[in-house]
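Structure record follows, encoded as structure tokens.
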Ligand code: ADP
Ligand code: ADP
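In full-length UniProt numbering, the protein residues as written are 356 to 584.
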């Protein structure tokens, strides 16, 4: 489950200024599709529509054949995990930050999620472990560590659909490469939409869609797009 389909999707924050101008996109369950393109093309907007932060102004979005406009907001959002570009953590413990939104999670499940995000060893190396406070008066996490906390949070949620919105683009290239391997692992078995600004970070995608000024300019495999350049 988790097939995603955009059918002639149109949207503008301001009705006078269209941002997405008829997007058709079919993502089979379990596939990874990368959306690349210049800043302002509408990549994040596409993701926000899937999560129903906004409603489409035309066309429709289907998950497993069902129009998301007909799906309860809570069950829609339970089906989708988002790893944003800049994860903002609460001035709380690391455990709290991983379990946020999953308040009933067991310590064991939190530990498993941290392991999957490759941040368990780091957390367990601290005297207070998962009780370590982060933020202003606690531990300062690097950008890469914060993204691993976001990945752990998503693993705990275990959604069939994943949106990675420039999840590694704020990191230095070495940290980006390290986290890339973890991301490829969590994508397995989920329908993944990877928003990126560079082709080089989405080599593993089943298909790459180039968005430009609210339209799909071209699409194909990584090799096909490189050949056309
Ligand atoms: P991308 O992710 O490709 O950089 P976005 O989807 O963030 O593009 O933005 C597409 C266009 O929509 C841009 O012109 C941007 O300024 C505009 N936009 C984005 N978010 C909002 C918003 N909340 N309100 C109004 N305009 C917005
Ligand atoms: P749940 O309780 O099912 O986790 P939420 O609505 O709290 O539902 O969040 C769902 C997912 O969306 C989480 O992965 C969360 O990190 C992410 N998310 C929520 N709000 C935003 C936002 N404004 N920008 C980016 N990601 C968000």
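Just so you know, even glycine gets a beta-carbon here, dropped at the ideal spot from N, CA and C.
Ligand 1 heavy atom lying under 7 Å from the CB of residue i
i, result
"residue 377", "no"
"residue 374", "yes"
"residue 396", "yes"
"residue 400", "yes"
"residue 485", "no"
"residue 498", "no"
"residue 622", "The question about residue 622 has no answer, for the chain in this structure spans 356 to 584."
"residue 392", "yes"
Status (buried if at least 16 other CB within 10 Å, exposed otherwise) for residue i
i, result
"residue 495", "exposed"
"residue 436", "buried"
"residue 409", "exposed"
"residue 502", "buried"
"residue 612", "Absent from the structure is residue 612, since the part of the chain shown begins at 356 and ends at 584."
"residue 515", "buried"
"residue 523", "buried"
"residue 445", "exposed"
"residue 429", "exposed"
"residue 369", "exposed"
"residue 462", "exposed"
"residue 547", "buried"
"residue 520", "buried"
"residue 510", "buried"
Residue i (DSSP reduced to helix, strand or coil)
i, result
"residue 495", "coil"
"residue 461", "coil"
"residue 526", "coil"
"residue 421", "strand"
"residue 503", "helix"
"residue 484", "helix"
"residue 363", "strand"
"residue 581", "helix"
"residue 450", "helix"
Same chain, Cβ closer than 7 Å to residue i, neighbours up to 5 away in sequence not counted
i, result
"residue 363", "377, 379, 413, 414"
"residue 431", "407, 423"
"residue 466", "475"
"residue 373", "365, 367, 569"
Contact set for residue i: own chain, Cβ-Cβ below 6 Å, skip 5 residues either direction
i, result
"residue 396", "566, 567"
"residue 572", "565"
"residue 570", "376"
Same chain, Cβ closer than 8 Å to residue i, five either side skipped, listed in chain order
i, result
"residue 442", "501, 502, 504, 505"
"residue 512", "433, 436, 456, 457"
"residue 583", "573, 575"
Any chain B beta carbon closer than 8 Å to residue i
i, result
"residue 478", "Of the protein chains in this structure there is only one, and it is not chain B."
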